[in-house]
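Trainee: Quick note, the sequence shown lines up with residues 1 to 281 if you use UniProt numbering. Backbone N, C-alpha and C define an ideal beta-carbon position, used for all residues, glycine too. The structure that follows is given in the form of structure tokens.
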Amino acid sequence: MDHLLASYELKGRNVDIPLHSHQEYEIFLFHEGTCRYLIHNQIYDLVPGDILLMDGLALHKPNVPAHSDYVRSHIHFNPQTIMPLLEALNAVHLLEAFERLHHCLIRPTDSSISKQIAHVIKRMQEISKDEKRTDAERETELKVLLVEILIIVNRIGLADSTKQLSEKNEKTMYAENISAYIQQYFLEKLTLEKIAADLNLSKSYVSHVFKEMSGYTVMEYVMACRLQQVQYLLEAEPDKALKDIAYQSGFESISHFSRYFKSKIGVTPREYRRERLKIYQ
1 MDHLLASYEL KGRNVDIPLH SHQEYEIFLF HEGTCRYLIH NQIYDLVPGD
51 ILLMDGLALH KPNVPAHSDY VRSHIHFNPQ TIMPLLEALN AVHLLEAFER
101 LHHCLIRPTD SSISKQIAHV IKRMQEISKD EKRTDAERET ELKVLLVEIL
151 IIVNRIGLAD STKQLSEKNE KTMYAENISA YIQQYFLEKL TLEKIAADLN
201 LSKSYVSHVF KEMSGYTVME YVMACRLQQV QYLLEAEPDK ALKDIAYQSG
251 FESISHFSRY FKSKIGVTPR EYRRERLKIY Q
């Protein structure tokens with residue numbers, strides 16, 4: 001069931017997950033280690049038991065220090081997959097946090113809540129791998145368990161959400177300001193000098209604080225934003241010429257655009273568009 005995937009206690013060390021986005025909603029549970037999570041223009045310093053809700057569309061990545069443990073569980077799901085069941089239960093509001101906030105951090109005051117969610121995710125993974133069940137049985141049970149998690153999250157929900165409540169240190173706030181600036185202006189010609197000048201900061205400080213807090217250099221983040229825009233346009237405007245998409249997304253050279261895209265995505269822009277459009281044929 002590709003549109004509903006559960007992974008329990010994934011473990012990693014020296015993890016380097018690139019900045020990415022996806023169309024599925026995500027429920028992320030942090031178990032152990034050290035992780036600073038970048039989502040759009042927000043940075044969250046995670047502690048064990050933290051829960052992240054994400055609509056997936058905003059660029060996001062974990063920043064995990066070298067040699068640190070990184071243990072997490074997560075669920076990816078297409079909201080349309082679960083919608084008929086939610087409508088039947090008169091519970092469409094369970095997706096409100098994803099739709100209204102797009103992403104948020106929930107830090108339960110009761111540690112048993114995170115353990116309860118972890119138990120359900122573990123059960124979902126076991127069901128996904130159980131070949132004794134039919135596909136229909138697996139799908140039904142997974143949907144029911146997903147609804148159970150959504151109920152738990154909404155019950156503790158935004159009362160325990162630290163999206164508005166968290167106190168952030170100076171470095172985090174500067175890094176978030178840099179990220180927000182890039183999100184607003186990445187389609188224009190950007191340099192480290194321009195970003196620093198517009199934010200009234202030194203180049204060295206902008207470079208250092210953003211790398212420390214996000215795990216990315218400033219220009220790597222600029223390019224990641226442009227890449228996401230390209231992916232969107234390739235699918236949303238199938239008749240638009242590749243060179244027009246490149247220039248509209250902030251690339252100044254069509255050859256550089258093509259090389260960069262293939263180095264990050266693994267296929268050419270034309271191949272990517274063809275494969276994405278096949279889904280709707």
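So, for Pro84: in the same chain, excluding its five sequence neighbours on each side, which residues have a beta-carbon less than 7 Å away from its beta-carbon?
Mentor: none
Trainee: How big is the Cα-Cα spacing for Asn63 and Leu46?
Mentor: Spanning the two alpha carbons is a distance of roughly 10 Å.
Trainee: Work out the CA separation of His20 and Lys264 for me, nearest whole Å.
Mentor: 10 Å
Trainee: Less than 8 Å between CB atoms is the rule here; does Ser258 satisfy it with respect to chain B?
Mentor: Any reference to chain B falls outside this structure, which holds one protein chain only.
Trainee: Going residue by residue through the segment 194-243, where are the continuous beta strand (DSSP E) segments of at least 3 residues, counting only ones entirely within it?
Mentor: none
Trainee: What span of residues does the alpha helix (DSSP H) with Pro62 cover, start to end?
Mentor: Per DSSP, Pro62 belongs to no alpha helix (DSSP H); it is in the beta strand (DSSP E), His60 to Asn63.
Trainee: Please confirm if the segment 174-190 is in contact with the segment 210-230, defined as three or more CB-CB distances below 8 Å between the two stretches.
Mentor: At 8 Å Cβ cutoff, the stretches touch.
Trainee: To the nearest angstrom, report how far apart Leu165 and Thr134 are at their CA atoms.
Mentor: Low confidence applies here, because Leu165 scores a pLDDT of 46, under 50, leaving its location unreliable; read the following figure in that light. Rounded to whole angstroms, Leu165 to Thr134 spans 45 Å at the Cα level.
Trainee: Roughly how many whole angstroms lie between the Cα atoms of Leu234 and Ser112?
Mentor: 44 Å
Trainee: Please state the DSSP three-state secondary structure of Leu190.
Mentor: coil
Trainee: If we call anything under 8 Å between Cβ atoms a contact, is Glu26 one with Met54?
Mentor: In contact: Glu26 and Met54 (Cβ atoms closer than 8 Å).
Trainee: With respect to the beta strand (DSSP E) encompassing Ala6, which residues constitute its N-terminal and C-terminal limits?
Mentor: Leu4 to Arg13
Trainee: Are the CB atoms of Ile82 and Ile117 nearer to each other than 8 Å?
Mentor: no
Trainee: Once the 5 residues before and after Arg138 are set aside, which same chain residues still bring their CB inside 6 Å of it?
Mentor: Ile127
Trainee: Can you tell me the Cα-Cα spacing of Tyr174 and Leu192, whole angstroms?
Mentor: 15 Å
Trainee: Below 8 Å CB to CB, which residues in the same chain sit around Glu275 once its five sequence neighbours on both sides are set aside?
Mentor: Val267
Trainee: On the CB-based measure, 16 or more other CB atoms within 10 Å of its CB, does Gln80 come out buried or exposed?
Mentor: exposed
Trainee: Hey, quick one: how far does the alpha helix (DSSP H) through Arg274 stretch, first residue to last?
Mentor: Pro269 to Lys278
Trainee: Out of Arg155, Leu190, Ser255 and Cys225, which one is the CA nearest neighbour of Arg107?
Mentor: Arg155
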